[in-house]
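2 protein chains.
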Amino acid sequence: MKTDLHLGREIPEASLRRLPVYYRSLQGMAAAGETQVSCADLARVLGLDPTQVRKDIEMTGIVGKPRVGYELGELTRWIENFLGWNRPKEAVLAGAGSLGSALLGYEKFRKHGMQIVACFDIDPDKIGQQIHGREVQPLMFLPDFVRQSHTLVGVIATPAGSAQKVADLMVGGGICAIWNFAPAHLQVPAGVILQNEDLYHSLASLSFKLESRRVRAGENGIRYGEDN
Amino acid sequence: MKTDLHLGREIPEASLRRLPVYYRSLQGMAAAGETQVSCADLARVLGLDPTQVRKDIEMTGIVGKPRVGYELGELTRWIENFLGWNRPKEAVLAGAGSLGSALLGYEKFRKHGMQIVACFDIDPDKIGQQIHGREVQPLMFLPDFVRQSHTLVGVIATPAGSAQKVADLMVGGGICAIWNFAPAHLQVPAGVILQNEDLYHSLASLSFKLESRRVRAGENGIRYGEDN
DNA sequence: TTTAAATCGAGAAAACGTTCTCGATATCCG
DNA sequence: CGGATATCGAGAACGTTTTCTCGATTTAAA
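These protein sequences, in sequence, are chains A and B. Here the first sequence is numbered in this note's numbering, starting from 3 and rising by one per residue. Here the second sequence is numbered in this note's numbering, starting from 3 and rising by one per residue.
Structure below.
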């Protein structure tokens, strides 16, 4: 097995974001009984350029066969391995609001290597409650928990106003990476990985596209999606 | 007021996604009593390149003053207007699970032009329940609701397996845009805007970055974020 | 009033990501 | 068995995004 995972190389963020899409398509194909898959197949299903799919898949280090493509299960495993989805990583969650609860409920995260093992909040009413099998602990316990359990990932699902303070607590405990769902720009030391999940990015994009269409349509009440 | 909003032009997706970040920083500065802001200021706060900030802001059509920058409130309004955040758009939600409930609870969406006015689910146990002031209605009522209220946006917060079916219902009702939170690749007609919000994109990126660091560290237990 | 400093705005250059092109190779079909 | 075909893999070409450079403009200070 060739082990050149290209891990030293710079991987385009865009490619990284496409891999999960391929991964899901592969799972669907596997469920449908397929055993072989080519880049052209994936490209057709997903409406992408075949060369782009190939370049993305090459990143994982897998080598395909001409005229055949890849063995489906093997490709799935190469992607899992490349992304680290087959190596469990523990995470702590800060913020037991509705979003935090939703994240605690996502059992599929575990299948992708991410296990939320503890949950913290500052609200005395929430502390002590059980949410999806985990007890909400006082936020001030978070740094010690991280320090003692060597948790890799901190998930922030607090209001924007508290996010920086929570991030500081996580960093203080020695967290390696922060997955930030709060709409706030966080400051973290250089060594800490910061992954922002900002709904407003997406909202801005959607909103702008709607607006530009409205303007192009001359605000005359044209509706799309019914006939054309 | 110059009205060249560049609406006909192609706007880089990346720029579009940065605007909300500027917008939030501006709100913070306004709260701190600032009245003027330059691209250099924003770049400094956000750790970005000043020229990039300037190019992004130019897209909105605002014209700045040399040596001064922009009037803070004016820039805020130009961004709001550019993104359409000052023009309300109604939305329907499908899927009243934990994520759907969280979205229904996000009152700030309203301040960004997005109002979720109705909520649908297929689960008989959920139908009839009130969630954040909106009653869960049977999924099959969705198309008629969209048709009669001329709702622009459909938000999908169902499991992946139901997402395409729900999208079809929305399209059938004449929806203009779909904001998809389900981890699924949806097929929609050319006229319909599709905005995917896929947690697994983000998870893949985070996971990969953690893995490549683990590998670089030689799996020898080095921890980051504590001292260095 | 004159000079210096900071910023905008626009065009050029560089970096990056995507798409195209072509040769090598494995499978399928006649 | 031999030719046609589909695919991978690699490098070139292309387009887009980011960064650099420079002139124009406005404010502040000397």
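Note that the Cβ used here is the ideal one computed from N, Cα and C, for glycine as well. Since the structure is predicted, the reported quantities are computational estimates derived from the model, not experimental observations.
- In this structure, A/L18 and B/A219 do not form a Cβ contact; the two beta carbons are roughly 20 Å apart against a cut-off of 8 Å.
- Around the Cβ of B/E82, a 10 Å sphere holds 16 or more other Cβ atoms; the residue is buried.
- The region 109 to 123 of chain A makes contact with the region 86 to 99 of chain A; the number of CB pairs closer than 8 Å reaches 3 or more.
- Closer than 9 Å at the C-beta level to chain A, one finds these residues of the region 109 to 120 of chain B: K110, F111, H114, G115 and M116.
- Interface with chain A (8 Å Cβ-Cβ cutoff): B/G35 is excluded.
- Here DSSP, grouped into helix, strand and coil, assigns B/D123 to strand.
- Note: B/M172 is not bridge-paired with any residue in the DSSP secondary-structure output.
- Here B/Y72 carries a strand assignment [DSSP, helix/strand/coil].
- In terms of beta-carbon proximity, B/A45 stays away from the interface with chain A, with every pair separated by 8 Å or more.
- Taken through DSSP and simplified to helix, strand or coil, A/R216 comes out as helix.
- Here B/G49 carries a coil assignment [DSSP, helix/strand/coil].
- Look at A/Y72: its C-beta is not under 8 Å from any C-beta on chain B.
- Selection B/V168, B/V155, B/T153 and B/P185 evaluated against B/P140 yields B/V168 as nearest (Cα-Cα).
- In this structure, the CA atom of B/I158 is about 45 Å from the CA atom of B/P68.
- Residue nearest to A/D200 within the set A/D146, A/I13, A/A186 and A/F210 is A/A186 (criterion: CA-CA distance).
- Approximately 5 Å separates the beta-carbon atoms of A/A104 and B/A104; this is inside 8 Å, confirming the contact.
- Taking B/P145 as reference, the option from B/G156, B/V138 and B/G135 with the minimal CA-CA separation is B/G156.
- A Cβ of chain A is located within less than 8 Å of the beta carbon of B/R26.
- Between B/V47 and B/E76, the alpha-carbon positions lie close to 19 Å from each other.
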